[in-house]
Amino acid sequence: MKKHFLIVAFVLALALVLAACGGGGASDDPAAAGEKLFAEQIIGAQPGCITCHSLDADTVIVGPSLAGVGSRSDADTLRESILDPNAVLVEGFPSDTMPPVWSDELTDEQVDQLVAYLLTLK
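If you want it as structure tokens, here you go:
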């Protein structure tokens, strides 16, 4: 009986650990991770993407709305816009509107995740 109890307790503990890890799924989806990162109010020591960029075509905050950006841009352009924001400027937004800090604040994986998410915005 004691052996049966230990086996059941072990299986339950293992199930809890696996549930806490998420078991893969959405955490393996770069676009989902990018969406979560985009929604962060603060990234590193900087205001997050959602602080300056709207996802509503009719709403401009500090930077341009990103509604539909996935149908207007490709992955390379989006990556360049994040890492070197003065390289490609949106009409009506002067240089240095977006601080050129993201190559220091974001990992390559985070940039890939943001790009994957932005490409879903059609």
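All you need for this note's numbering is the position in the sequence shown, starting with 1, plus 80.
We put the beta carbon where it would ideally sit given N, CA and C, even for glycine.
- Could you give the distance in angstroms between the alpha-carbon of Ser151 and the alpha-carbon of Pro144? Approximately 15 Å between the Cα atoms of the pair.
- To which residues of the same chain is Ala111 closer than 7 Å at the C-beta, ignoring the five residues directly before and after it? These residues qualify, in order along the chain: Ala196, Tyr197, Thr200.
- Item | Proximal residues to Arg159 (C-beta, below 7 Å), its chain only, five neighbours per side dropped | Around Arg159: Val191, Val195.
- Would Val141 be called buried (16 or more neighbouring beta carbons within 10 Å of its own) or exposed? The sequence as given places Ile at residue 141; Val does not occur at that position. Classification of Ile141: exposed, given that the 10 Å Cβ count is below 16.
- Whose C-alpha, out of Lys202, Glu185, Gln193, is nearest the C-alpha of Gln126? For Gln126, the closest alpha carbon among the candidates Lys202, Glu185, Gln193 is that of Glu185.
- Taking the alpha-carbon positions, what's the Gly124 to Pro179 distance? So the two alpha carbons sit approximately 13 Å from each other.
- Taking buried to mean at least 16 other C-beta atoms within 10 Å of its own C-beta, is Pro174 buried or exposed? A residue is called buried when at least 16 other Cβ atoms come within 10 angstroms of its Cβ; Pro174 does not meet this threshold and is exposed.
- Item | Residue interval of the alpha helix (DSSP H) (run including Ser161) | First-last of the alpha helix (DSSP H) with Ser161: 155 to 163.
- Message: the ligand FAD and Pro180: does any heavy atom of the ligand fall closer than 6 Å to the residue's C-beta?
- Response: As for the ligand FAD, it is missing from this structure, which has no ligand bound.
- Roughly how far, in whole angstroms, is the beta-carbon of Leu146 from the beta-carbon of Leu135, given that I think they are within contact range, below 8 Å? At roughly 6 Å, the Cβ-Cβ gap stays under 8 Å, so Leu146 and Leu135 are in contact.
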